[in-house]
Amino acid sequence: MPDYEPEKAELASRDVVSRHMESHINKGLGATSRFGEHLWLDIRLLGEDHINTRLREVKEICQYFLGIDPARELIPVRPAQHYSMGGIRTDAHGQSGTLKGLFACGEAACWDLHGFNRLGGNSVAETVVAGMLVGESMADFCLGNEASVDTGLVREFFEREQAALDNLRRRGGAQRVTALNAAMQSAMTRNVGIYRDADGLQAAVAELGSLLERCADIGLQSGGHGADPELVLAYRLPRMLKLALCVAQGALNRTESRGAHCRLDFPERDDSQWLNRTLARWPAGAALPQLRYEALDIMAMELPPAWRGYGSRDFIPHPQQAQRQREVETATEQYGNRFERQEALMPYTHLLPERYRSHNARLFEDGQGDFNDPEAAGGAAE
Ligand SMILES: Cc1cc2nc3c(=O)[nH]c(=O)nc-3n(C[C@H](O)[C@H](O)[C@H](O)COP(=O)(O)OP(=O)(O)OC[C@H]3O[C@@H](n4cnc5c(N)ncnc54)[C@H](O)[C@@H]3O)c2cc1C
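To convert a position in the sequence shown, counted from 1, into the working numbering, add 11.
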């Protein structure tokens with residue numbers, strides 16, 4: 012990593028590290044072992060003490076999953092799926108705009124807390140904050156008048172799903188669920204992975220579509236007594252394939268590179284065309300998802316998109332990028348107080364429940380502690 016990213020080395024952002032790992036392997040510089048093709052990660056230089064005390068989780072993962080001791084041995088590593096950058100589109104209260112009463116937060120949601128969900132490193136913080144806010148708005152919703160549940164609708168849904176499961180158990184189709192699942196995994200890894208291009212993505216869309224069709228002819232082997240993982244997978248697979256198709260079709264349409272979406276045929280980030288969200292819906296009976304796009308308002312951003320700090324500085328700016336940047340700079344000069352600055356740039360406090368609108372305190376601000384003297388701050392600098 013120091014060769015590829017002299018400044019940030021292995022602390023570069025994860026999509027950047029993953030791309031370097033993948034290209035390193037593609038250059039033929041990977042290692043092959045019983046784990047397949049991969050690279051070696053050497054953390055032995057940190058010493059046994061550090062690894063056993065500060066990196067216990069890493070040590071345990073190595074022990075449980077690989078049977079190796081990272082204080083003495085090299086760790087085989089390769090990029091893998093890390094985060095789902097997409098989810099149920101919700102409003103500021105975590106509620107879906109298209110299905111009343113459906114709430115989502117965390118990795119399952121597409122929320123506005125950090126703009127795009129997510130290229131930064133704050134998903135745990137987002138999950139905790141969203142859990143608090145969305146949980147409360149769910150509770151309010153349930154206590155309010157809107158939450159009357161139509162039991163007829165619930166029964167109808169239950170009966171439909173039960174009938175589908177009974178049918179799955181009974182019918183003797185020709186398709187094996189594990190083979191279809193493996194084919195989906197391989198299509199996604201091969202063509203919708205770290206590097207993408209139009210040919211690969213088109214091939215993925217075609218293959219995933221054909222796998223989805225074949226799901227109509229699944230035949231189970233297991234007999235269906237007791238807990239039945241094959242039945243569970245058969246039930247889930249068409250849904251997973253639909254989601255995979257949304258990802259692949261969305262990636263095919265998006266003719267630019269952005270964060271973890273790296274198009275070899277469109278290497279530039281194009282904020283002039285693609286500063287938007289892909290919204291997917293699946294009309295009943297359709298073979299492919301319907302995609303539409305929701306523009307992001309750059310004039311409402313506290314940090315308008317700019318160069319990320321890696322690689323070439325090429326990107327196509329949004330037409331209002333410079334204007335918003337000037338506004339941000341002016342507000343920064345105008346307001347010494349960070350709360351006033353934030354309110355001027357992002358006036359969203361009214362969206363919070365009343366009790367959360369007060370200003371949050373920072374340690375070492377407003378005489379609350381001395382940064383250079385953690386003890387005076389009650390040891391909280393830890
Ligand atoms: C290797 C790795 C490293 C990461 N490092 C960082 C980091 O350094 N910093 C950071 O901010 N973020 C990091 N993340 C991301 C962060 O951990 C996740 O985005 C976050 O934990 C997601 O929280 P969540 O509650 O939304 O979802 P999850 O933690 O995935 O919780 C979803 C829960 O729902 C349960 N569930 C699923 N289906 C059902 C069902 N049908 N019925 C009932 N329960 C169900 C699951 O079992 C799970 O417990 C990392 C992620 C990974 C994989």
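Note that CB positions come from ideal geometry on N, CA and C, so glycine has one too. Fair warning: this is a prediction, and the values are worked out from it, not measured in the lab.
Across the set Y94, A91 and D53, the C-alpha of D53 shows the shortest separation from the C-alpha of D80. Put simply, of G347, Q345 and M312 the residue whose alpha carbon is nearest the alpha carbon of A333 is M312. Taking A20 as the centre and dropping the five residues before and after it, the same chain places the C-beta of M12 and P13 closer than 8 Å to its C-beta, in chain order. Of the residues assessed, D282 falls on the buried side of the cut-off, its CB having 16 or more other CB atoms within 10 angstroms. Q260 counts as buried, since no fewer than 16 other beta carbons sit within 10 angstroms of its beta carbon. In the structure shown, E68 adopts helical secondary structure according to DSSP, grouped into three states. Using a 10 angstroms sphere on the CB of G58, the tally of other CB atoms stays under 16, which defines it as exposed. With fewer than three CB-CB distances shorter than 8 Å, the segment 153-160 does not count as touching the segment 203-221. The segment 104-120 and the segment 138-150 touch, with no fewer than 3 CB-CB distances between them shorter than 8 Å. The distance from the Cβ of A198 to that of L219 is about 6 Å, consistent with a contact at the 8 Å cut-off. Of the candidates N192, R207, D228 and L314, the residue whose Cα lies closest to the Cα of R247 is N192. Under DSSP, no beta-bridge partner is assigned to A295. CA-to-CA, the gap between W51 and S44 works out to about 10 Å. Counting along the chain, no beta strand (DSSP E) covers E118, and no H or E run does either. Of all alpha-carbon atoms in L356, G78 and P328, the one lying nearest the alpha-carbon of A317 is that of P328.
Note that the C-beta distance between P300 and A306 is not below 8 Å. With respect to G296, D228 sits apart: the two C-beta atoms are not nearer than 8 Å. V88 is bridged by DSSP to L50. In this structure S134 is in contact with Y94, their Cβ atoms being roughly 7 Å apart against a cut-off of 8 Å. For L302, there is no enclosing alpha helix (DSSP H); the residue is part of the beta strand (DSSP E) that begins and ends at Q301 to A306.
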